[in-house]
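Numbering (the working numbering), first residue to last: -8 to 465.
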């Protein structure tokens, strides 16, 4: 009996080993089938906003022998949407910012017009007229003096930033600029206004952010003061179609060009002064004269890509100095509307004793008139905290806040959704904010080639494709 049991056990183990070996062989065969070896002129790593514009720039210069390696199964990077409550919501980039100025036209707005992108003007000015706290709505006259002081402080900080730039004076933080004015946010309403003016834009608090490089927003200064919220059933990423069609083979709206490689996770880049070899997780190898790396700051700060030789200290120093901030939009669907729907009520501020705790609310009545949708934005530490808990836990917290704002009798949400950008291995965050202590010279070092001709970190999006953002995308 004992021997039979032992034999049965051994046979079972043998069967398991055979099965495991079969699976390993099948997996290896699949991996080998997916692997390829290609030689080209330029390798572009990433097919997000930066990779798409890098390829467009090459094509415009007559360089067409390139490949684009994208880790995911789609193009667009952090321009990404999801199905929610019978519609589509944008998880990343959500606004076209910098529109209707007297000078040059924002090229992203030009693309938006070309594809007839469905978007809505955001009237931010009334946000400070819709303040709530634990008691409910705060009468406008009660908050008026605090709002006026915060407005004047923000205007002062903007002018101070311009003076520092024009005088070639060393940069300071946004918070230091506030202190020059004498604005020290302490009360719940003051902290909510502080978050509204700064964190909502930079995804980090004023103490962490560069003044000269974030206030005023370069896109507003160059292209205009207006922002348009995108709510298009095709997704915001449709704005890339005209660019892709200009240099890639398309079948309708689908890319069929073999130069775009989806599902290619780059895990090693070997470079010398004469060329570069890029390897991917499926065993593919790509050789080229040069490579353009468009991965996010967050990815570059991680160990996803092994550079050989390692990137020099001056390059890694700049990469590590920039912040990959986290910006999370929490979408909620309800059986009916209970928030104000009159003109000027789209944006609402909740003032909590804990700074940044579910502060900015935006109703989506214009964008989805047949639904009852609203979302709240959190950033930085609050965002990281939310991303570590379950949807149910987050729903419980936001419902407590909403009942403080609108009363105990409001209905429970039907659905909740948000995306954890920080845990996404191909993003590692939402937005690369410009922190205090990083100069323009160091930013240019970020863009500079690591060897004379072969390896470049493409950062056009920090200057131009930032126009795609909600956070604003990096």
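Built from N, CA and C at the ideal position, the CB exists for glycine as well. From a predicted model like this one, the values you see are computed outputs, not experimental measurements.
### Message
Whether or not the region 92 to 105 and the region 208 to 216 are in contact is what I'm after, with contact meaning three or more pairs of Cβ atoms, one per stretch, closer than 8 angstroms; do they touch?
### Response
yes
### Query
When you compare only the Cα positions, how much space is there between residue 317 and residue 241?
Here residue 317 refers to the residue found at position 326 of the chain shown. Here residue 241 refers to the residue found at position 250 of the chain shown. Their Cα atoms are separated by approximately 34 angstroms.
### Query
What is the residue span of the alpha helix (DSSP H) that residue 311 lies within?
Your numbering for residue 311 matches position 320 in the chain shown. Counting along the chain, the alpha helix (DSSP H) containing residue 311 begins and ends at 304 to 312.
### Query
Got a sec, what are the start and stop residues for the beta strand (DSSP E) residue 344 sits in?
Residue numbering aside, residue 344 sits at position 353 when the chain shown is read from its first letter. Looking at the DSSP string, residue 344 is not in any beta strand (DSSP E), and its letter there is neither H nor E.
### Query
Between which two residues does the alpha helix (DSSP H) harbouring residue 167 extend?
The residue labelled residue 167 in the question sits at position 176 within the chain shown. Here the alpha helix (DSSP H) through residue 167 covers 165 to 172.
### Query
Which stretch, first to last residue, makes up the alpha helix (DSSP H) that contains residue 413?
Numbered from its first residue, the chain shown carries residue 413 at position 422. First-last for residue 413: undefined, no H or E at that position.
#### Entry: Residues sharing a beta bridge with residue 60, DSSP
Numbered from 1 along the chain shown, position 69 holds the residue referred to as residue 60. Note: residue 60 sits in a beta bridge opposite 36, 252.
### Task
Please report how far the alpha carbon of residue 198 lies from the alpha carbon of residue 86, in whole angstroms.
As a first step, residue 198 is located in the chain shown; it is residue number 207 there, counting from the start. As a first step, residue 86 is located in the chain shown; it is residue number 95 there, counting from the start. Straight-line Cα distance between these residues: approximately 25 angstroms.
### Task
Just the C-alpha distance for residue 252 and residue 114, rounded to the nearest angstrom, thanks.
Along the chain shown, one-based indexing puts residue 252 at 261. Along the chain shown, one-based indexing puts residue 114 at 123. The alpha-carbon atoms of residue 252 and residue 114 are separated by roughly 40 angstroms.
### Proximal residues to residue 447 (C-beta, below 8 angstroms), its chain only, five neighbours per side dropped
As a working mapping, residue 447 is identified with position 456 in the chain shown. So the list reads 281, 282, 283, 284, 438, 439, 440, 441, once near-sequence residues are dropped.
### Message
In this structure, how does DSSP classify residue 181 when only helix, strand and coil are distinguished?
### Response
Position 190 of the chain shown holds residue 181. Reduced to three states, the DSSP call for residue 181 is helix.
### Residue range of the unbroken alpha helix (DSSP H) whose run includes residue 155
Indexing the chain shown from 1 puts residue 155 at position 164. Residues 131 to 157.
### Query
What's the gap between the Cα of residue 399 and the Cα of residue 127?
The count along the chain shown starts at 1 and reaches residue 399 at position 408. The count along the chain shown starts at 1 and reaches residue 127 at position 136. For residue 399 and residue 127, the distance between alpha carbons rounds to 11 angstroms.
### Query
By a C-beta neighbour count over all protein chains shown, 10 Å radius and 16 as the cutoff for buried, is residue 413 buried or exposed?
Position 422 of the chain shown, counting from 1, holds the residue named residue 413. When all chains shown are included, residue 413 counts as buried.
### Task
Give the straight-line distance between the Cα atoms of residue 178 and residue 342, rounded to the nearest whole angstrom.
Translated into the one-based positions of the chain shown, residue 178 becomes position 187. Translated into the one-based positions of the chain shown, residue 342 becomes position 351. When rounded, the distance between both Cα atoms is 9 angstroms.
### Query
Are residue 386 and residue 123 closer than 8 angstroms when you measure CB to CB?
For the purposes of this step, residue 386 is taken as the residue at position 395 of the chain shown. For the purposes of this step, residue 123 is taken as the residue at position 132 of the chain shown. Their beta carbons are not under 8 angstroms apart, which means residue 386 does not touch residue 123 by this criterion.
### Task
Tell me, to the nearest whole angstrom, how far the beta carbon of residue 26 is from that of residue 275; I am working on the premise that it is less than 8 angstroms.
Numbered from 1 along the chain shown, position 35 holds the residue referred to as residue 26. Numbered from 1 along the chain shown, position 284 holds the residue referred to as residue 275. Right, their Cβ atoms sit about 5 angstroms apart.
### Query
Quick one: what's got a C-beta closer than 6 angstroms to residue 325's C-beta in the same chain, skipping five residues either side?
What you label residue 325 is simply residue 334 of the chain shown in a count that begins at 1. Answer for residue 325: 363, 402, 404, listed in chain order.
### Message
Let's see if you can read the secondary structure: which residues bound the alpha helix (DSSP H) around residue 395?
### Response
Within the chain shown, the letter at position 404 stands for residue 395. Its alpha helix (DSSP H) spans residues 382 to 397.
#### Entry: Residues near residue 368 in its chain [Cβ-Cβ closer than 6 angstroms; skip 5 each side]
Residue numbering aside, residue 368 sits at position 377 when the chain shown is read from its first letter. Cβ neighbours of residue 368 beyond the five flanking positions: 320, 351.
### Task
With residue 99 as the anchor, note down where its alpha helix (DSSP H) starts and where it stops.
Numbered from 1 along the chain shown, position 108 holds the residue referred to as residue 99. Unbroken alpha helix (DSSP H) run through residue 99: 98 to 105.
### Query
Smallest Cα separation from residue 391: which of 72, 430, 408, 349?
Along the chain shown, one-based indexing puts residue 391 at 400. If we check each option's Cα against that of residue 391, 349 comes out closest.
### Task
Report yes or no: do three or more beta-carbon pairs, one from the region 290 to 299 and one from the region 258 to 268, lie closer than 8 angstroms?
Yes: the two stretches touch, three or more of their Cβ pairs being nearer than 8 angstroms.
### Query
For residue 325, which three-state DSSP category applies?
Taking the first residue of the chain shown as position 1, residue 325 is located at position 334. In this structure, residue 325 counts as coil in the three-state DSSP scheme.
### Task
Quick one: residues in its chain with C-beta nearer than 7 angstroms to the C-beta of residue 311, no 5 flanking neighbours on either side, listed in chain order?
If you number the chain shown from 1, residue 311 lands on position 320. Closer than 7 angstroms at Cβ, skipping near neighbours: 292.
### Query
Which residue from 157, 66, 345, 62 puts its Cα closest to that of residue 273?
As a first step, residue 273 must be located in the chain shown, where it is residue number 282. Considering only alpha carbons, the answer is 62.
### Task
For residue 359, collect the residues of the same chain with a Cβ closer than 6 angstroms to its Cβ; drop the 5 residues on either side in sequence, then sort them by chain order.
Locating residue 359 in the chain shown gives position 368, counting from the first residue. Hits under 6 angstroms: 78.
### Query
In terms of residues, what are the limits of the alpha helix (DSSP H) holding residue 290?
For this step, residue 290 is matched to residue 299 along the chain shown. It spans 288 to 292 - the alpha helix (DSSP H) in which residue 290 sits, taken as one unbroken run.
### Task
Assign residue 46 to one of three DSSP states: helix, strand, or coil.
The count along the chain shown starts at 1 and reaches residue 46 at position 55. In this structure, residue 46 counts as helix in the three-state DSSP scheme.
#### Entry: For residue 353, the first and last residue of its enclosing alpha helix (DSSP H)
Sequence index remark: in the chain shown, residue 353 carries index 362 (1-based). Not the alpha helix (DSSP H): residue 353 falls in the beta strand (DSSP E), residues 351 to 354.
### For residue 172, the nearest candidate out of 140, 188, 53, 193 (CA to CA)
Here residue 172 refers to the residue found at position 181 when the chain shown is read from its first residue. Comparing Cα-Cα distances from residue 172 to each of 140, 188, 53, 193, the minimum goes to 140.
### Message
Check whether the region 200 to 208 and the region 34 to 50 touch, using three or more Cβ-Cβ pairs below 8 angstroms as the test.
### Response
No, the region 200 to 208 is not in contact with the region 34 to 50.
### Query
In three-state terms, what does DSSP make of residue 201?
Start at 1 with the first residue of the chain shown, and residue 201 comes out as number 210. In the structure shown, residue 201 adopts extended strand secondary structure according to DSSP, grouped into three states.
### Query
If you check the beta carbons only, do residue 134 and residue 174 fall under 8 angstroms apart?
Against the chain shown, residue 134 aligns to sequence position 143. Against the chain shown, residue 174 aligns to sequence position 183. No. Outside cutoff.
### Query
Relative to the C-alpha of residue 371, which residue among 60, 419, 353 is closest?
What you label residue 371 is simply residue 380 of the chain shown in a count that begins at 1. Looking at the Cα atoms, 419 is the closest of the given residues.
#### Entry: As assigned by DSSP and simplified to three states, the class of residue 78
In the chain shown, residue 78 corresponds to position 87, counting from 1. Three-state DSSP puts residue 78 in a strand.
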